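In this note's numbering, the protein residues as written are 3 to 334.
C-beta atoms are modelled at their ideal positions from N, C-alpha and C, and glycine is treated no differently.
A quick note: this is a predicted structure, and the numbers were derived from the prediction, not measured.
Contents: one structure, followed by commentary.
Below you can see the structure in the form of structure tokens.
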């Protein structure tokens, strides 16, 4: 599968505490370049995506529309039309879901386009979610947006980005997704990209989140939910290695297309901007593990990381990984 990640711009109706986009916005402001692409520029990138796909050996073409928040653009529907007219197989929309609270807008998207919605919900109630997004009322609109898409038969992946604000409420947030009809969820460790006091304000340690993550994964297994964890290394998921999201990411080629910055091969760059502890060389999972965001070790150090050296546990982990991957393949 060929995936083209199109950033249409950085304007957003939320201001999430964990969001790395602020770094990109500041970089563009410093060089006095626009934060958002024009309609024409977006269409040019879509054209280029199609050319790249045609020159690849891949047989399935997906465009990820992301931002910022793409749905607040006046030309959003026109861009969806343009993508479909190119014969691209599917759109994945990464969104905070607030605009989807408008049922007419939600109906238009579900009825006219093959869209897979990735909708971010960062807490089980307005107190937690709105504290993360720093926008009052965002929780209610996001929940309504999810309800609308589910009622229309749309496909949703739930997204939760962990932070010091919300990790204690992880299981409750997954339970809320389930009650809304969403059974597939990605739990992501934050990629802040910063090395100052803001990092320590929002980014938890792996040790601090482990119990919440394990409790949530147990709940997901009991309720037959498809949940994975992004940038949580194997050593913090002993007994739950099959839930590592990066195992899925090995199955496709992805090109990132940021605003007014060079394109990149995300599978390659993702490895380059991660780090490992020195002791990781002793871990049996080292070849499978991508490590953690480089700013994590820069800020928190290496003391938390413990290598898996037990061969029996290693073989058990591989068996569970293979079993879950086969089950997911059968569900496709």
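Helix, strand or coil for residue 226 per DSSP?
coil
Determine the extent of the beta strand (DSSP E) in which residue 161 is found, giving its start and end residues.
Its beta strand (DSSP E) spans residues 157 to 163.
Is DSSP giving residue 263 helix, strand or coil here?
coil
Which of the three DSSP states is assigned to residue 2 in this structure?
With the chain running from 3 to 334 in the structure shown, residue 2 is simply not present.
Out of 28, 63, 39, state which residue places its alpha-carbon closest to the alpha-carbon of residue 353.
One cannot answer for residue 353 here, as it falls past the ends of the chain, which runs 3 to 334.
Quick check on residue 57: does DSSP put it in helix, strand or coil?
coil
Around the Cβ of residue 36, are there at least 16 other Cβ atoms within 10 angstroms (buried) or fewer (exposed)?
exposed
Coil, strand or helix - residue 73 by DSSP:
helix
Output needed for residue 17: all residues of its chain with C-beta closer than 8 Å, excluding positions within five of it in sequence on either side, in chain order.
135, 136, 137
Three or more C-beta pairs under 8 Å: does that hold for the stretch 12 to 27 against the stretch 46 to 53?
no
Tell me, to the nearest whole angstrom, how far the beta carbon of residue 119 is from that of residue 95; I am working on the premise that it is less than 8 Å.
5 Å
Which residue comes first and which comes last in the beta strand (DSSP E) that contains residue 188?
186 to 190 is the extent of the beta strand (DSSP E) around residue 188.
Please list, in chain order, all residues of the same chain as residue 169 whose beta carbon is under 6 Å from its beta carbon, the five residues on each side excluded.
When the five nearest sequence neighbours on each side are left out, the beta carbons in the same chain lying within less than 6 Å of the beta carbon of residue 169 are those of 206, 211, 214, in order along the chain.
Under a Cβ-count criterion, where at least 16 other Cβ atoms within 10 Å of its own Cβ denotes burial, should residue 225 be classed as buried or exposed?
exposed
Check whether the stretch 317 to 333 and the stretch 234 to 254 are in contact - that is, three or more C-beta pairs closer than 8 Å.
By the criterion of at least three beta-carbon pairs nearer than 8 Å, the stretch 317 to 333 is in contact with the stretch 234 to 254.
What did DSSP end up calling residue 38 once you bin it into helix, strand or coil?
strand
Kindly indicate which three-state DSSP category residue 94 falls into: helix, strand or coil?
strand
Could you pull the start and end residues of the alpha helix (DSSP H) that residue 129 belongs to?
Start and end: 128 to 135.
Option nearest residue 60 by Cα separation, candidates 199, 256, 231
256
Identify every residue that forms a DSSP beta bridge with residue 232.
190
So the candidates are 66, 151, 141; which of them puts its Cα closest to the Cα of residue 111?
151
Name the two residues that bound the continuous alpha helix (DSSP H) containing residue 104.
Per DSSP, residue 104 belongs to no alpha helix (DSSP H) and is neither H nor E.
Residues in its own chain within less than 8 Å of residue 180 by CB, not counting five upstream and five downstream?
225, 227
Find the nearest neighbour of residue 184 within the set 153, 199, 194, judged by alpha-carbon distance.
153
Look at the Cβ atom of residue 45, then the Cβ atom of residue 12, and state whether they are nearer than 8 Å.
no
Taking just the CA atoms, how far does residue 33 sit from residue 219?
44 Å
Is the beta carbon of residue 10 less than 8 Å from the beta carbon of residue 99?
no
Counting pairs of beta carbons, one from the stretch 291 to 304 and one from the stretch 271 to 282, are three or more of them closer than 8 Å?
Yes, the stretch 291 to 304 touches the stretch 271 to 282.
For residue 300 and residue 19, what's the separation of their Cα atoms in angstroms?
20 Å
Less than 8 Å between the beta carbons of residue 192 and residue 172, yes or no?
Contact: no.
Within this structure, are the beta carbons of residue 231 and residue 239 separated by less than 8 Å?
Remark: C-beta atoms of residue 231 and residue 239 approach each other more closely than 8 Å.
The alpha helix (DSSP H) spanning residue 280 covers which residue range?
Per DSSP, residue 280 belongs to no alpha helix (DSSP H) and is neither H nor E.
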